[in-house]
Amino acid sequence: MPRFQPEAMRANTRIVNALQAFGRTRSMTSAQVALGWLL
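Going by numbering that gives the first Met the number 0, the residue at position 18 of the sequence shown is 17; the numbering climbs one at a time, nothing skipped.
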């Protein structure tokens with residue numbers, strides 16, 4: 000599956016790290032940031 004290849008995993012890790020950093024500045028978890036984006 001392409002999304003589990005090393006290149007995709009590195010890209011996904013960068014996105015997750017960015018979400019976590021954004022959430023930390025607002026006292027939110029990455030899950031809360033993701034749900035806020037969807038809603």
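The C-beta atom is built at its ideal place from N, Cα and C for all residues, glycine as well. The structure presented is a predicted model; accordingly, all values stated were derived computationally and were not measured.
A Cβ-Cβ distance of about 4 Å is found for the pair L18 and S29, placing them in contact under the 8 Å criterion.
V32 sits close to G22, with the two beta carbons spaced by under 7 Å. For the pair M8 and R2, the Cα-to-Cα distance works out to about 7 Å.
DSSP places R13 within a helical segment (H, G or I) once states are collapsed to three.
In the three-state DSSP reduction, T28 falls in the coil class, being neither helix nor strand.
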